[in-house]
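See structure below.
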Amino acid sequence: MLCLLGGFIADTFLGRYLTIGIFATVQATGVTVLTISTIIPSLRPPRCTRDNAIICTPASGIQLTVLYLALYLTALGTGGLKSSVSGFGSDQFDDSDPEEKSQMTNFFNWFFFFINIGSLASVTILVYIQDNLGREWGYGICACAIVIGLVVFLSGTKRYRFKKLVGSPLTQIAAVFVAAWKKKHLELPLDPSLLFNIDDAAEGLKMKKKQKLPHTKQFRLVFYLKTSC
Numbered sequence: 008m009l010c011l012l013g014g015f016i017a018d019t020f021l022g023r024y025l026t027i028g029i030f031a032t033v034q035a036t037g038v039t040v041l042t043i044s045t046i047i048p049s050l051r052p053p054r055c056t057r058d059n060a061i062i063c064t065p066a067s068g069i070q071l072t073v074l075y076l077a078l079y080l081t082a083l084g085t086g087g088l089k090s091s092v093s094g095f096g097s098d099q100f101d102d103s104d105p106e107e108k109s110q111m112t113n114f115f116n117w118f119f120f121f122i123n124i125g126s127l128a129s130v131t132i133l134v135y136i137q138d139n140l141g142r143e144w145g146y147g148i149c150a151c152a153i154v155i156g157l158v159v160f161l162s163g164t165k166r167y168r169f170k171k172l173v174g175s176p177l178t179q180i181a182a183v184f185v186a187a188w189k190k191k192h193l194e195l196p197l198d199p200s201l202l203f204n205i206d207d208a209a210e211g212l213k214m215k216k217k218q219k220l221p222h223t224k225q226f227r228l229v230f231y232l233k234t235s236c
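Shown next, in the form of structure tokens:
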């Protein structure tokens, strides 16, 4: 759900670059707070020993507040980051250029490769470090990795391509269904070529036309949007 929120904010208000920068900072803050809570004794309850494993000291209100703050910040930052980072990567390539289209394919191959490498390291190396050295080391490594990644990302600001905001796809989809519902009383032509298309309005202009989906007997409600009022 937070990924949907982050994607909506990126497409409608901030853009993917600012969304990545802001939410990565939020994520780094959350993991840093989580790391600090494992280092400072007053921010976590004492460990249960084998002698009194049944009777353990519960966490205080302040300790729970710090814990939930760290978890919520981490979740919020992760949601906003995941929703924009892959899209921002695709913005750096022009899919109409064969060379850049090939480069984009290579980019996403390496992108998902390193995602899987990170996932593998998180359930192996970091788990080993947390079990043998302490959770503060595991969380601290994660916090440092996020900060380093953010610095590397910001260092390439002058080289990035930025696309104009076009609005959230969810808003556009909702507008399509509302407009189609308002025109539901109109009759659809038997010939699909008589329906209005965006490219028809720009006939004669040297613009790249979008690929059109073939007309079917399903989802005919949407076709009302292409009829004249």
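One rule links them: number in our numbering = place in the sequence shown (from 1) + 7.
We treat Cβ as the ideally placed atom computed from N, Cα and C, and that holds for glycine.
query	result
Give a yes or no on whether the C-beta atoms belonging to Phe-30 and Gly-87 are separated by under 8 Å.	yes
Alpha carbons only, please: which of Ile-47, Arg-54 and Val-185 is nearest the one belonging to Ile-69?	Ile-47
Of the residues Tyr-135, Gly-156, Thr-42 and Asp-104, which one's Cα is nearest the Cα of Phe-121?	Gly-156
Just the C-alpha distance for Leu-76 and Thr-85, rounded to the nearest angstrom, thanks.	14 Å
Going by C-alpha to C-alpha distance, which of Ile-43, Thr-64 and Leu-21 sits closest to Pro-52?	Thr-64
Are there 16 or more other CB atoms within 10 angstroms of the CB of Phe-140, so buried, or fewer, so exposed?	A small correction: the amino acid at residue 140 is Leu; Phe does not occupy that position in the sequence shown. By the 10 Å Cβ count, Leu-140 comes out exposed.
Verify whether the separation of the beta carbon atoms of Phe-81 and Gly-125 is less than 8 Å.	Checking the sequence shown, residue 81 turns out to be Thr, not Phe. No. Outside cutoff.
Quick one: residues in its chain with C-beta nearer than 6 Å to the C-beta of Arg-142, no 5 flanking neighbours on either side, listed in chain order?	Thr-45
Kindly indicate which three-state DSSP category Ile-5 falls into: helix, strand or coil?	Summary: the structure shown does not reach residue 5, with the chain confined to residues 8 through 236, and so no result is reported for it.
Do you know offhand how far Phe-115's Cα is from Ser-97's?	8 Å
Among the candidates Gln-110, Ala-152 and Gly-145, whose CA atom is the shortest distance from the CA of Gln-34?	Ala-152
Using only CA atoms, which one of Ser-91, Gly-145 and Thr-72 lies nearest to Phe-169?	Ser-91
Short of 8 Å in beta carbon distance, which residues of its chain neighbour Phe-118, apart from the five on each side in sequence? Order them along the chain.	Ser-93 and Gly-96
Between Phe-100 and Cys-149, what straight-line distance do the alpha-carbon atoms span, to the nearest angstrom?	30 Å
Just to confirm my understanding: we take Cys-10, look at its own chain, exclude 5 residues before and 5 after, and list those with CB closer than 7 Å. What are they?	Gly-86, Lys-89 and Ser-90
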